[in-house]
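Enquirer:
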Amino acid sequence: MTLRLRRSCQTSMAWMAHQLVTWRISPAGLALTAIVLAVATAPLLYAQQCLMAALAVLLYRLMSVLSGWVSRALGHLDARQRYLRPFMEIVLIVSVMAGLSLYSPERLFWPALTLVIVLLVFDLERRLVVLLQEVQSIVTRTGAPERIINIVTGSVGRTLLLMAACYWPQSFFWSGFAFAGLCLGILAWRLVTNYRQLGMAPEMSASGAPTEQTDPDSSI
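If you're matching positions, the sequence shown starts at 96 in the numbering used here and goes up one per residue.
The structure is reproduced here in structure tokens:
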């Protein structure tokens, strides 16, 4: 059942991407649209339009995913879309957290600030590891626990958390601290395991080439 649903979603996204290519909509254009939707969450929450803010988060995620699918349909990576992608998540998180802080400053400011700091450090560590693995050509094996962690702390888990936070702002006091604590624990585990893994990486030769050539990690 899960496999069928996944294939159905992939087929639908591929069809939508093909239509967008036909209409000459670029991946960068979709990324910019996603950023606009992300920014819109803050004033919507300030105006207490909770349902509209949750829908903006959902549409943001749709635009973000479609930008990647359109790049695949075009057969090449859009440099502008790749440049914007790291900022998209930052803008979304900061905008939603700012909106929640404006919605109820006395209750939601501290969980919002805590989550912003934890997620920024979490994403920074993840991107640094991916960059180092690409530079040193380190291959990794992603098991079931790692895949589950990536789902929970990645786009799926964050989308659900942010949509719930927009729709039920008062409950974010607990869910925000809980998600930040979860990410902080996973971050500590990743720091230890990745430090050990990078320590066992092949030594770089004087020319800058690794002594062993493997496929770069694509699990994150």
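Just so it is clear, CB atoms sit at the ideal spot from N, CA and C, and this is done for glycine as well.
Just so we're clear, the structure is a prediction, and the values are computed from it rather than from any experiment.
How about Ile243 and Leu214: are their beta carbons less than 8 Å apart?
Expert: What you label residue 243 is simply residue 148 of the sequence shown in a count that begins at 1. What you label residue 214 is simply residue 119 of the sequence shown in a count that begins at 1. Contact flag unset, no.
Enquirer: Nearest to Leu293 by CA position, among Leu154, Leu127, Ala273 and Leu226, is which residue?
Expert: Position 198 of the sequence shown, counted from the first residue, corresponds to residue 293. Residue Leu226 is the option with its Cα nearest to Leu293.
Enquirer: Which whole-angstrom value is the C-beta distance of Pro264 and Leu195, which I expect to be below 8 Å?
Expert: Within the sequence shown, the letter at position 169 stands for residue 264. Within the sequence shown, the letter at position 100 stands for residue 195. About 6 Å; that satisfies the 8 Å criterion.
Enquirer: Measuring alpha carbon to alpha carbon, tell me which of Gln143, Leu150, Ala168 and Ser232 ends up nearest His113.
Expert: Looking up residue 113 in the sequence shown gives position 18. It is Ala168.
Enquirer: Can you tell me whether Ile212 is buried or exposed, with buried defined as 16 or more other CB within 10 angstroms of its CB?
Expert: The residue labelled residue 212 in the question sits at position 117 within the sequence shown. Exposed, by the Cβ-count rule.
Enquirer: Along the chain, where does the alpha helix (DSSP H) that runs through Ser159 open and close?
Expert: Here the question's residue 159 lines up with position 64 in the sequence shown. Residues Cys145 to Leu169.
Enquirer: What span of residues does the alpha helix (DSSP H) with Gln364 cover, start to end?
Expert: No answer is possible for residue 364: the residues shown for the chain start at 96 and end at 315.
Enquirer: In angstroms, rounded to a whole number, what distance separates the CA positions of Ala133 and Ala283?
Expert: As a working mapping, residue 133 is identified with position 38 in the sequence shown. As a working mapping, residue 283 is identified with position 188 in the sequence shown. Distance between the alpha carbons of Ala133 and Ala283 is about 29 Å.
Enquirer: For Tyr141, which option in Trp118, Pro200, Thr106 and Asn245 has the closest C-alpha, if you only look at C-alpha atoms?
Expert: One-based indexing of the sequence shown puts residue 141 at position 46. It is Pro200 whose Cα lies nearest to the Cα of Tyr141.
Enquirer: Flag this pair as yes or no: are the beta carbons of Ser162 and Ala126 separated by less than 8 Å?
Expert: Position 67 of the sequence shown holds residue 162. Position 31 of the sequence shown holds residue 126. Yes, the Cβ-Cβ distance between Ser162 and Ala126 is below 8 Å.
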